[in-house]
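167 is the number of the first residue of the sequence shown in our numbering; add one for each residue after it.
Beta carbons are placed, not taken as given, at the ideal position from N, Cα and C, and that holds for glycine.
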Amino acid sequence: MSDATFTSTAPTLTASRLDRLGDRVSRISLSAVRLTSATVLGWIGAMKFTAYEAGAIQGLVQSSPLTAWLYDILSVQGASNLIGAVEIATALLLLLGAKFPKAALLGALGALATFAVTVSFLFTAPVTEPSLGGFPALSVVPGQFLLKDIVLLAAAGLLAGDTLRRLARTL
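In structure tokens form, the structure reads like this:
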């Protein structure tokens with residue numbers, strides 16, 4: 167078989183086909199970002215109702231000016247329960263957002279706020295490992311644990327942008 171025969175029978179990748187494929191991959195990925203973000207928020211939110219998790223986040227919550235006030239009005243478990251309830255509500259809004267753009271916007275904004283607060287812990291909590299002579303190495307807990315929230319913050323921004331586009335189409 168000559169090269170000419172092989173090329174003529176192979177499907178051609180045109181700009182139009184690549185564009186359609188890119189749109190399909192983006193739609194699937196956006197749905198995956200919505201589902202996985204909701205799963206992470208819901209799961210971690212549910213864990214906040216355990217004494218184990220309430221104790222685990224206490225140092226982070228206490229070290230932040232954004233959240234330390236919670237312990238002035240609530241117990242350690244009460245503050246953890248409140249945070250968990252917000253995370254679960256945000257997860258549910260993200261899931262509902264697949265069909266309802268207004269719920270999607272509330273969920274995306276809730277996720278943006280949640281992950282902005284947790285990312286701020288990287289600057290307010292002791293998260294580096296001092297034994298490495300000044301190298302800014304993150305401790306396993308909480309440093310490396312919090313690092314994933316940078317990606318989740320970006321995912322929440324992606325969901326917010328998508329929702330704003332969806333809402334604009336309904337006007």
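Query                                                                                                                        : Result
Beta strand (DSSP E) runs contained entirely in the stretch 267 to 328, provided each spans 3 or more residues               : none
Endpoints, alpha helix (DSSP H) assigned at Gly263                                                                           : From DSSP, Gly263 is part of no alpha helix (DSSP H); its letter is neither H nor E.
Chain-order list of residues whose beta-carbon lies under 8 Å from that of Val285 (same chain, five-residue window excluded) : Leu312, Asp315, Ile316 and Leu319
For Ala416, the three-state DSSP class (helix, strand or coil)                                                               : No answer is possible for residue 416: it lies beyond the span of the chain, which begins at 167 and ends at 337.
C-alpha gap between Leu179 and Asp189, whole angstroms                                                                       : 15 Å
Proximity below 9 Å, CB of Gly221 to CB of Ile254                                                                            : no
DSSP state of Thr233 mapped onto helix, strand, coil                                                                         : coil
Contact set for Pro267: own chain, Cβ-Cβ below 6 Å, skip 5 residues either direction                                         : Thr329, Arg332 and Leu333
N- and C-terminal bounds of the alpha helix (DSSP H) containing Leu187                                                       : Ala181 to Met213
Touching by the beta-carbon criterion (3+ pairs, under 8 Å), the stretch 200 to 216 and the stretch 233 to 250               : yes
Proximity of Ala251 and Gly211 at Cβ, strictly below 9 Å                                                                     : yes
Top-ranked residue by Cα proximity to Gly276, from Ile223, Arg200 and Lys265                                                 : Arg200
Thr256 in three-state terms, based on DSSP                                                                                   : helix
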